[in-house]
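Please read the structure below before turning to the comments.
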Amino acid sequence: MGRQTYPEQLSQRAAPVITGHVVRLMEGYSREIKVGQPVLVAVLTAAAVGRLLGALVASVLRFGGSSGGARRKFKELRKGPEFLVTPLRLRIRDNLLCEVEIHGHLPQTALEPHDHVQVTLRRQKDGLAPRVERIVNLTTGQLLTPRTPTLWSHLGPALVLQAMVGLTLIGLLCAWLFTRGG
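When we follow my numbering, the leftmost residue of the sequence shown carries the number 165, and every step to the right adds one.
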């Protein structure tokens, strides 16, 4: 009779810092960042006010106004940016197997099987494996910090700047109306 093997049980520990050895980096896949509709509507509204102010200034100064480049559609902005998720299996104390997620890109040679690492983790919602915030590869002495896109990098600096100008204008208008009324 052949030897029967059972899959090893994964530890669900999510201590803030764990130390162990890399067992395996699994195949990566992409995940999308969720963009909240109320936040997006507020940013787009403030940006529209900022664009309106820019168009007004351009017309007063008689600039040949440009459209400012191609604007992305609401549906496109609503669909958040995608980032790489790479599951990482570690062998921690008591010979337990622990799975965590690396969000973002790391150099291919940054982690090798059997490397001794110290990993700083953050819990995730929806019962997902803990997310890696920082990895110290004790074997090579490297400090690795994976980076993922944010809502602000997804919207882009031009739209964020327009929204800040719009919010400033709305704030000034509200302050002016408040002082006139009182």
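Ideal Cβ positions, reconstructed from N, Cα and C, are used throughout, including at glycine.
Values in this document were obtained by computation on a predicted structure and should not be read as measured data.
Helix, strand or coil, according to DSSP, for residue i in the structure here?
i    : result
M165 : Bear in mind that a pLDDT of 48 at M165, under 50, signals an unreliable position, so the model cannot answer this.
P180 : coil
L336 : helix
V199 : coil
Q326 : helix
E240 : helix
T309 : coil
L204 : helix
H278 : coil
T209 : helix
R295 : strand
L270 : coil
R215 : helix
R344 : helix
Per DSSP, which residues does residue i bridge with? Please list them.
i    : result
R226 : DSSP output for R226 lists no bridge partner at all.
P251 : E265
T284 : V181 and R298
R235 : Note: R235 sits in no beta bridge, so no partner.
E246 : E196
L260 : I256
V187 : The partner list for V187 (beta bridge, DSSP) is empty, contrary to what the question assumes.
So is residue i buried or exposed if we call it buried at 16+ other beta carbons inside 10 Å?
i    : result
P202 : exposed
V186 : buried
Q272 : exposed
P277 : exposed
V205 : exposed
A293 : buried
P310 : buried
V221 : exposed
G184 : buried
C262 : buried
H265 : Looking at the sequence shown, residue 265 is not His but Glu. Result: buried.
Would you call the CB atoms of residue i and residue j closer than 8 Å?
i    : j    : result
V281 : L302 : yes
L270 : L225 : no
G244 : Q326 : no
G218 : F247 : no
V249 : G330 : no
Cβ contact (3+ pairs, closer than 8 Å) linking the region 195 to 207 and the region 252 to 259: Using a C-beta cut-off of 8 Å, the region 195 to 207 makes no contact with the region 252 to 259, since fewer than three inter-stretch Cβ pairs fall below that distance.
Is the number of C-beta pairs between the region 326 to 334 and the region 208 to 223 that are closer than 8 Å three or more? Yes: at least three Cβ pairs fall under 8 Å.
At a cut of 8 Å, does the region 283 to 296 reach the region 313 to 325 through at least three beta carbon pairs? Verdict: no, contact absent.
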